[in-house]
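Below: the structure, in structure tokens.
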Amino acid sequence: MKKRLLLTFIALSLAVLSCRTLLPGPALDPTPLPALPTQPVSTPIPSPRPTFQPAPTDSIPTEIAGAGADTLNDPYYPQMGNGGYDALHYTLDLTVDLDNNQISGSTTLDAQATEALSSFNLDLHGLDVSAVTVDNLPATFSRQDDELTITPAAPFAKDQSFTVSIAYSGRPQPVEDIFFPDETVGWFADAGVYVLSESAGAMSWYPVNNHPLDKASYTFRITAPKQYVVATNGLMKSEVVKGEMKTTVWEETHPMASYLATLAIGHYKLFTETGPNGLPIHNYFPPEAGGEITSAFSRTSEMIAYYSQVFGPYPFESYGAVVVPLELEFALENQTLSVFSYDMVDEITVAHELAHQWFGNSVSLRSWENIWLNEGFATYAEALWVEHTEGKAAGDDYMRDIYAKARAKNMAAPGNPEARHLFDDFVYYRGACVLHALRLKVGDELFFKILHEYYARYQYGNASTDDFIAVAQSVSGQDLQAFFTDWLFSAEIPPLPQPG
Ligand code: ARG
Ligand code: ZN
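Take the sequence shown: its letters are residues 423 to 922, numbered as in our numbering.
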């Protein structure tokens, strides 16, 4: 979520507020969403295995071990990710020297070869690698640009499991961002440490198969001066103080895309609550944070309950937020622990980042050109929250404003926005309009069935625009190809379908 959007939201909320004072009461009475199917949607779509499927590479015969590809062939990010193996679990064991912004330690990756391999790559930006072992034997390695190539003592057979451990240290270097030339992503040392990696920033602090296609679970073992609070993805498992240092262990047991791995080290005050079904909610706020901050998050539990009803069960073991005491105009939906800068805290943005836990984090992109599946869905989720809390008319107004803005500014089609426009407003606005138009076209009942079925089928995995279209067609029993082509790929913005 970006600042420009925030300002728009303020404008939208003001518009909603002023409408409220002008319009007679009944028009704004909260209208609950139509009842959702209580039975699981029973469309006969087989569930895919929610695991990594490598993009096709120039493959070598499986019996002959070759070098793993240094790319997953993402059209927008040809350098991101590597082929030949499936990353299963990362263990980051890092000591952080906050005074000098230095890290040292190791990252250990449990993985499985998807082809016979004589060598394979990880992505790593900067930092000094001192040693690499594979299955506890020394391995040779070389580096070129952001590629770390590792040659194990003996080649891997296809399907062989292996554990690679990389010892490294140094000062994390910012990763340049294709879409905002003056922004960087990854590790930041300011007000302690925080990490904002979308899209390619994860490699600034650990060696990684750096593409959302290869999701993995994580253990973080972070050692820092004991006066700091350390938070990352999943749940905290232990905190052990030894002398002046404290080692904090966190675990994220669900598959996670690398850009959602995060770390916050700083002076935070922890606020905990219990969400729906006992879900732990932990918010890390700056100690000086006032009521404007805490109140923006006061409905988190209610939001989780609501989105669980309209999308499907909340996917992870915890949720929470870190509010970094800086004005960065930035918020990011890190898995189970969204990060907000001070100037991005408002209820709509809180809802937006939460909705990404379903769409983006649990159902992840197959390739970055599918970004509207993240940002369009999260933006539409804002309108759903407004509808839920302020009534059907307010939700409609919210989308009418977004649609009007998209038209007034002649916003581009969101279906394949180009790497440098990945997070432009048109992806958010026109992306949300796709869902709004689909709802008007197929009606509420089928629309919410489609969302449920799409989420149920692709949760913990990856999906593409075509996967979403296929679910929409199969659930609705309608041919929607032309509809989606118009809304996703035509420069001209179609008129909104008439409801019913
Ligand atoms: N996914 C974030 C959101 O919730 C946006 C990230 C934008 N990335 C960037 N490097 N500026 O909208
Ligand atoms: Zn977003």
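We put the beta carbon where it would ideally sit given N, CA and C, even for glycine.
All values reported here derive from a predicted model rather than from experimental measurement.
- A Cβ-Cβ separation of about 6 Å places L918 in contact with A859 under the 8 Å criterion.
- Rounded to whole angstroms, the separation of the alpha carbons of Q920 and N655 is 43 Å.
- In the DSSP assignment, F738 falls outside any alpha helix (DSSP H) and carries neither an H nor an E.
- Using a Cβ distance threshold of 7 Å, F642 and L514 count as a contacting pair.
- Residue pairing by DSSP puts R565 in a beta bridge opposite L570.
- Between the ligand ARG and F642, a heavy atom-to-CB distance of less than 6 Å is absent.
- By the Cβ neighbour-count rule, N832 is exposed, with fewer than 16 other Cβ atoms within 10 Å of its own.
- Not one heavy atom of the ligand ZN sits closer than 6 Å to the Cβ of A805.
- For S730, there is no enclosing beta strand (DSSP E); the residue is found in the alpha helix (DSSP H) stretching over T722 to V732.
- Secondary structure at T529: strand, using DSSP grouped into helix, strand and coil.
- Taking a C-beta distance under 7 Å as the contact criterion, P709 and P747 do not qualify as a contact pair.
- Annotation note: the region 878 to 904 contains the following uninterrupted alpha helix (DSSP H) runs of length 4 or greater, listed N- to C-terminal: 887 to 898.
- Take T645, set aside five residues on each side of it, and the residues of its chain with a beta-carbon closer than 6 Å to its own are T517, M667 and T669, in chain order.
- As DSSP reads the structure, F781 sits in a beta bridge with V785.
- Under the DSSP assignment, A638 falls in the beta strand (DSSP E) whose first and last residues are A638 to P647.
- Among the bridge pairs identified by DSSP, M667 is matched with P647 and K664.
- For F799, the uninterrupted alpha helix (DSSP H) segment begins and ends at W794 to E812.
- Scanning its chain for C-beta atoms nearer than 6 Å, with the 5 sequence neighbours on each side dropped, one finds around M658 the residues W672, in chain order.
- For M502, the three-state secondary structure derived from DSSP is coil.
- DSSP, read as helix, strand or coil, puts K691 in strand.
- Our two residues, I600 and E620, have alpha carbons roughly 11 Å apart in a direct line.
- T684 is a Cβ neighbour of N756, given a cutoff of 7 Å.
- DSSP lists T555 as the beta-bridge partner residues of P560.
- When only Cα atoms are considered, T811 and I770 end up about 11 Å apart.
- With a cutoff of 7 Å on beta-carbon distance, I703 and V745 are scored as not near each other.
- Within the region 575 to 603, no complete alpha helix (DSSP H) segment of 4 residues or longer occurs.
- S528 sits close to S587, with the two beta carbons spaced by under 7 Å.
- Boundaries of the beta strand (DSSP E) around I703: P702 to F707.
- A direct Cα-to-Cα measurement between G798 and L857 gives close to 8 Å.
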